[in-house]
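Residue numbers (this note's numbering): 4 to 477.
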């Protein structure tokens, strides 16, 4: 049930009406059931998995608050970890593990032929709701939150449809208290919700889908070897634009839908392409996931409390696991290593590059812009690992990006027309600089103008092409 379909908006009209006008206890129960219907729209077989995860963590959470025995509490936490990560590991990583081990296991007769797993399906959203339910149990174990008042509230927390299949990951401390009583729906909720939805749809349908052609040409159609240097850079930059527009667009829609129901979700992206260091980038990019990895992996491993050497190991483990969370492939593993190495180097150099006061002059401006360009180049290079299907493609593209310009020149600019969509992502980032450095505020009617422009673009794009959303992979 895609967000740009008539079916979804009929579904949302029903869900919104129930949420606003039914008795609140009944509204929560029906909304939880509707969320399961929304999830079953992909495949009904997925529903028992999310119900199992919800039941396990609801029971474990209840038992945790009833016992003070440390051993028993650790065993209960272990049950939650094994059950949730076991399901995630089985469905998401079994093909990866088997393909990796198959060459060695052939000698033992285990796999005469490497399985293809052609029909293997990863349940939609399993990575998101697994992390969401785990955060609930871990926070109860750490005595940071109270247990959910009833199973209906907890099931709604786990399955709430606006963010079920692709985030953002919302902590129990942020969402469960909003289910305790019906929140007043103010006019600004509707206004801001509409703004988030329209701009999110524009990012998804105009930008993310619009730049897909040069991205697919470079990564999917086997043309990386024949692409010119210019085409390679256009394809890689377009993928950076695409992945941001895709993630940020979906998140905006989810935030807007929730706002229209009186529910607030955390901010997901905060203009990441104006980051002046990799550390800052990770405070602006997919913020709920970054904070989850920080709180539940990096801090749990000891953070920076056990010496410099352990700090770098913890950083590397955290980023590698973050990479593998996105996908089960060695390219995602290297993507995590790439970011872990970058963060470690920044720590070694004692550099975070976070300067957002008023620049002291032209030189300061240039230094900051150079830092932004450097971080963007580092991140764009990592996006190649994120998108490429294999290391052969990665190597071809990296050579085209960093070696071929000095040996081949730029070559043909066949896909330059798709660059006209880049400003829809980069221009707001550039304007954000003036807000953060000079405290320049948006004009009174800026949101109205942005919504009007978004509606015009959506109308134009839908008239000339009808591309589906990029579906939820993680």
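Quick reminder that beta carbons are idealized off the backbone N, C-alpha and C, glycines included.
To the nearest angstrom, report how far apart residue i and residue j are at their CA atoms.
i           : j           : result
residue 89  : residue 163 : 23 Å
residue 100 : residue 33  : 40 Å
residue 339 : residue 327 : 7 Å
residue 204 : residue 7   : 8 Å
residue 22  : residue 148 : 25 Å
residue 40  : residue 349 : 46 Å
residue 240 : residue 383 : 7 Å
residue 191 : residue 172 : 24 Å
residue 120 : residue 193 : 45 Å
residue 129 : residue 177 : 20 Å
residue 77  : residue 265 : 37 Å
residue 220 : residue 214 : 11 Å
residue 135 : residue 175 : 8 Å
residue 217 : residue 243 : 12 Å
residue 306 : residue 321 : 10 Å
residue 310 : residue 73  : 27 Å
residue 1   : residue 440 : The requested residue 1 is not part of the displayed model; the chain covers only 4 to 477.
residue 259 : residue 157 : 22 Å
residue 468 : residue 276 : Any answer about residue 468 is weak, because its pLDDT of 48 lies below 50 and its placement is not dependable; what the coordinates show is given next. So the two alpha carbons sit approximately 28 Å from each other.
residue 182 : residue 31  : 8 Å
residue 87  : residue 94  : 11 Å
residue 152 : residue 5   : 32 Å
residue 18  : residue 37  : 7 Å
residue 48  : residue 160 : 20 Å
Put residue i into one of helix, strand or coil per three-state DSSP.
i           : result
residue 278 : coil
residue 273 : coil
residue 434 : helix
residue 72  : coil
residue 422 : helix
residue 4   : coil
residue 18  : helix
residue 286 : coil
residue 307 : coil
residue 58  : helix
residue 47  : helix
residue 249 : helix
residue 332 : coil
residue 473 : Caution is warranted here: a pLDDT of 47 is assigned to residue 473, below 50, making its placement in the model unreliable, and no coordinate value can be reported.
residue 266 : coil
residue 126 : coil
residue 120 : coil
residue 406 : coil
residue 230 : coil
residue 35  : helix
residue 25  : coil
residue 3   : Since the displayed the chain opens at 4 and closes at 477, residue 3 lies outside it and no answer follows.
residue 40  : helix
residue 443 : coil
Are the C-beta atoms of residue i and some chain C residue less than 7 Å apart?
i           : result
residue 421 : The chain labelled as chain C is not found in the depicted structure, where only one protein chain is given.
Notebook entry, point to check: Is it a yes or a no for the region 288-297 touching the region 268-276, going by three-plus beta-carbon pairs under 8 Å?
Noted result: A contact exists between the region 288-297 and the region 268-276.
Note to self: So within the region 76-106, which uninterrupted beta strand (DSSP E) runs reach at least 3 residues, ignoring any that extend past its ends?
What the structure shows: Counting only runs that start and end inside the region 76-106, there is no beta strand (DSSP E) element of at least 3 residues.
Next item on the list: Entirely within the region 141-216 and at least 4 residues each: give me those alpha helix (DSSP H) ranges in chain order.
Entry: Taking 4 residues as the minimum length, the alpha helix (DSSP H) runs contained wholly in the region 141-216 are 154-162, 175-178 and 190-204, in order along the chain.
Next item on the list: Examine the Cβ distances between the region 43-63 and the region 126-145 and report whether three or more of them are shorter than 8 Å.
Entry: Output reads yes: the region 126-145 touches the region 43-63.
Margin query: Check whether the region 307-318 and the region 356-376 are in contact - that is, three or more C-beta pairs closer than 8 Å.
Written below: no
Item checked: Three or more C-beta pairs below 8 Å linking the region 252-262 and the region 224-239 -> no
Item checked: Start-end ranges of the alpha helix (DSSP H) lying completely within the region 334-396, minimum 4 residues -> 365-390
Margin query: Measuring CB atoms only, is the region 350-365 touching the region 208-215, in the sense that at least three cross pairs come out at less than 8 Å?
Written below: no
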